[in-house]
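Each residue of the sequence shown is one higher than the last, beginning at 1323 in our numbering.
Think of the CB as a built atom: it goes at the ideal place given N, C-alpha and C, for glycine as much as any other residue.
Here is the structure we will look at, set down as structure tokens.
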Amino acid sequence: MRDLSLLTWNEVRETDKSRSVVFVVLAPIEEHGTHLPLATDILEGECWSRDAMKMLERRLEVECFYLPSFPIAAASVNEFYGSIHFSMKLTYEVTYDVLESLCYMGFRNIVVIASHADPQHQIAVEKAVRKINKKNGLCVIAPMGQIFMGVSVEKSSELQKLEEEQGNDYHAGWVETSCMLCIDPDHVRDVYQKLPDTEIADKDMIFRKRQLKAMGEYGYIGSPKYANAEIGKRLNENCSASICDAVEKFYYREGYQKYEHYLLYNILPLHIGFWKIAGKVRRKKVSA
Ligand SMILES: [Zn+2]
């Protein structure tokens, strides 16, 4: 795999587009509690992409390329200290412009890794992907929305059991803390072992104020204290394997459809963020 941005323009032009796959990570710089860094989603997206690219190069006769990650994302809860969010409209436009540029270079297998589960982000990214594919023929897939919804290669029964027992773990809880412990334990502050569980019901996750309330003074939603590196390894492996499965199927243009469209895309009220006033990023000023 190679960083596409380190090639010269004529080297890019000479790559065999029919045997190339390009990965693009789009994720936010965003608070992740008092125990994980702001770049958590970016680091996760880069880890999952890297491992998926390694697998793809072993399985298919392709060369994988990637770009420096774009720290750009939309989110429904913006008020917490430390986050840099963008509107759905801007996220959509940046995604569109990046994809159109790659598409015009001739790449036909472009993979967007939107490693931030917020529906606003997934919808903004998918809107851009749909428009590009409609205009240029199928050349992009953004599988993370569906992977976050549970579409994946088979999970171990142990992982499934954990997810059932420790559900409602949405943001910087045991799932993300485990993933980060596996990626690099130096990024995880020890305080995670002592953090209390937050309480929120599935249905409350669509209400911004209820999310904010559940985040309290810390900024996570879930149970960080159950995290460990071994679970993180399995979670990361499952995610990379699912991405690899989606891209392999997409490459052959067969069977990829279950990863193609984000399940929540058709819920129209979730598109309200594209409106000018409703979609304003709500930043909160804090005096020094
Ligand atoms: Zn995250």
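Closest residue to residue i among the options (Cα-Cα distance)
{"i": "Ser-1327", "options": "Pro-1390, Trp-1597 and Glu-1352", "result": "Pro-1390"}
{"i": "Thr-1520", "options": "Gly-1355, Asn-1588 and Arg-1430", "result": "Gly-1355"}
{"i": "Ile-1611", "options": "Ala-1446, Val-1462 and Ile-1454", "result": "Summary: the structure shown does not reach residue 1611, with the chain confined to residues 1323 through 1610, and so no result is reported for it."}
{"i": "Arg-1452", "options": "Val-1433, Ile-1469, Ile-1351 and Glu-1333", "result": "Val-1433"}
{"i": "Trp-1331", "options": "Arg-1324, Met-1427 and Asp-1419", "result": "Met-1427"}
{"i": "Val-1513", "options": "Ile-1522, Ser-1545, Leu-1534 and Glu-1486", "result": "Ser-1545"}
{"i": "Val-1420", "options": "Asp-1325, Phe-1392 and Gly-1538", "result": "Phe-1392"}
{"i": "Ser-1342", "options": "His-1407, Val-1462, Ile-1454 and Gln-1488", "result": "Val-1462"}
{"i": "Tyr-1492", "options": "Asp-1363, Phe-1345 and Lys-1339", "result": "Asp-1363"}
{"i": "Tyr-1584", "options": "Gln-1488, Pro-1465, Ala-1563 and Lys-1547", "result": "Pro-1465"}
{"i": "Met-1375", "options": "Ile-1454, Glu-1352, Val-1569 and Gly-1595", "result": "Val-1569"}
{"i": "Val-1346", "options": "Thr-1417, His-1443, Gly-1495 and Met-1377", "result": "Thr-1417"}
{"i": "Val-1475", "options": "Lys-1607, Asn-1560 and Gly-1489", "result": "Asn-1560"}
{"i": "Trp-1597", "options": "Lys-1555, Tyr-1414 and Gln-1515", "result": "Tyr-1414"}
{"i": "Pro-1518", "options": "Gly-1538, Glu-1485, Leu-1481 and Gly-1554", "result": "Gly-1538"}
{"i": "Val-1405", "options": "Cys-1386, Asp-1373, Tyr-1388 and Ala-1349", "result": "The sequence shown places Ser at residue 1405, rather than the Val named in the question. Comparing Cα-Cα distances from Ser-1405 to each of Cys-1386, Asp-1373, Tyr-1388 and Ala-1349, the minimum goes to Ala-1349."}
Cβ-Cβ separation, residue j to residue i (assumed contact under 8 Å), whole Å
{"i": "Ile-1469", "j": "Ile-1565", "result": "7 Å"}
{"i": "Asn-1458", "j": "Cys-1425", "result": "5 Å"}
{"i": "Ala-1536", "j": "Trp-1496", "result": "Not confirmed; about 15 Å, so no contact."}
{"i": "Val-1603", "j": "Phe-1408", "result": "7 Å"}
{"i": "Met-1502", "j": "Leu-1358", "result": "6 Å"}
{"i": "Ser-1500", "j": "Ala-1551", "result": "7 Å"}
DSSP three-state assignment for residue i, whether helix, strand or coil
{"i": "Arg-1604", "result": "coil"}
{"i": "His-1593", "result": "helix"}
{"i": "Lys-1354", "result": "In the sequence as presented, Lys is not what sits at residue 1354; that position holds His. His-1354: strand per DSSP, three-state reduction."}
{"i": "Val-1384", "result": "coil"}
{"i": "Asp-1363", "result": "helix"}
{"i": "Ser-1562", "result": "helix"}
{"i": "Asp-1325", "result": "strand"}
{"i": "Ile-1445", "result": "helix"}
{"i": "Leu-1557", "result": "helix"}
{"i": "Ile-1528", "result": "helix"}
{"i": "Leu-1378", "result": "helix"}
{"i": "Leu-1517", "result": "coil"}
{"i": "Thr-1340", "result": "The sequence as given places Ser at residue 1340; Thr does not occur at that position. Reduced to three states, the DSSP call for Ser-1340 is helix."}
Residue-chain proximity (residue i, chain D), Cβ-Cβ < 8 Å
{"i": "Ile-1522", "result": "Among the chains of the structure shown, chain D does not appear; only one protein chain is present."}
Just to confirm the assignment: which complete alpha helix (DSSP H) runs, minimum length 4, are found wholly within the region 1390 to 1440? Qualifying alpha helix (DSSP H) stretches, in chain order: 1410 to 1426.
Run through the region 1450 to 1510 for me and flag every whole alpha helix (DSSP H) of 4 or more residues, listed as ranges in chain order. The qualifying runs are 1466 to 1470, 1479 to 1487 and 1496 to 1505.
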